[in-house]
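First residue of the sequence shown? That's 1 in my numbering, and the numbers climb one at a time after it.
All residues carry an ideal CB built from backbone N, CA and C; glycine is no exception.
Bear in mind the structure is a predicted one, so any value in this text is a computation, not a measurement.
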Amino acid sequence: MGHRCGRRAVGAGRRGHRARPRRRRDGRRGQGRRRHLAAGSRPVTSEATAHLGLGSNLGDRAANLASALDALERAGLTVEAVSSVYDTPPWGEPPPGLAEPPRYANAAAAVRGDLEPVDLLRLCKGIEVASGRDLHAARNAPRVLDLDVLLLGDVELTTPELEVPHPRMHLRAFVLVPLSEIAPYARHPRLGRTVRELLDGINEGEVEEVELLLASGWWR
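This is the structure:
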């Protein structure tokens, strides 16, 4: 492999240690006041930076990610930070008839704007559809674009459409490696751990499969 993960985070030093063995991921720590939101309630993303995961494994993957960021800006959101792009293996069982799905390009972005959380999700889904993604395709099918709402400050939200924090983000190296680059100290409000701490709990072999594709600064 040409890249060892644990790259420099924005405003932070380089990780100088190896990933530790897998920890329990279902534990909760004592936490300060958190916000539990019902469907249709605020706060909006103008009150907290939303962290998004971006992925693509069809076509020009990096160009697809760049187009998504451009679309978020055109919708009125401010893109505050963008991670490097990483080449990652596909997650989960492949769909029937596809033995070896193509690898993904993954990145993370921090955005802010005047949208309620569910409206932010709907915007992301609209951008996916505009890119050519079939939202009714088989589970884990290759896709031009995949946008996930990962964190929204200290908000905990469960609706039929959206759950924040993303319910599987803490299990995924392809999410945590780019996210730790731009928000290493963002705290998962349910698990009580920072993004950096969650990444340290991922099996080292999984982290090493996440390879640098494009360094920070690739967009714009």
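In this chain, the beta strand (DSSP E) harbouring D87 covers 85 to 88. Counted as a single uninterrupted DSSP element, the beta strand (DSSP E) harbouring R112 occupies residues 104 to 112.
Just so you know, the alpha carbons of G92 and E73 end up roughly 31 Å apart.
Each residue's CA atom was taken as its position, placing L214 and D60 some 13 Å apart. Going by C-alpha positions, L176 is about 22 Å away from P94. Setting aside the 5 residues that flank it on each side, A71 is surrounded in the same chain by I127, A130, each with a C-beta closer than 8 Å to its C-beta; the list follows chain order. Sequence-distant partners of S180 (beyond 5 residues in either direction) whose C-beta falls short of 7 Å from its own C-beta, in its chain, are A9, V195, R196, L199.
Of the candidates H170, V207, Y185, N203, the residue whose Cα lies closest to the Cα of L191 is H170. Here P178 has S83, S84, Y86, N106, A107, A108 as same chain residues with Cβ atoms under 7 Å from its own Cβ, once five neighbours each way along the sequence are excluded. Residues G113 of the same chain have their beta carbon placed closer than 6 Å to that of G76, with the five preceding and five following residues left out of the count. Looking at the DSSP output, G55 sits in a beta bridge with N106, D146. In this structure, L69 places its C-beta atom within 7 Å of the C-beta atom of V79. For V155, the three-state secondary structure derived from DSSP is strand. If you look at V210, you'll find it isn't in any alpha helix (DSSP H); DSSP assigns it neither H nor E.
When the five nearest sequence neighbours on each side are left out, the beta carbons in the same chain lying within less than 7 Å of the beta carbon of E161 are those of V118, L121, in order along the chain. Looking from the CA of R143, the closest CA among R193, A173, L58, I202 belongs to L58. Here the alpha carbons of E209 and N203 stand approximately 10 Å from one another.
Straight-line measurement puts the Cα of G201 at about 31 Å from the Cα of L98.
In this structure A48 is not in contact with L123, their Cβ atoms being roughly 16 Å apart against a cut-off of 8 Å. For A63, the enclosing alpha helix (DSSP H) stretches over residues 61 to 74. Closest in alpha carbon position to T88, among A81, W219, L145, F174, is F174. Each residue's CA atom was taken as its position, placing P189 and R103 some 30 Å apart.
Shown here for P101: same chain residues with a beta carbon closer than 6 Å to its own, the five before and five after excluded, namely P90, P94, P142 in chain order.
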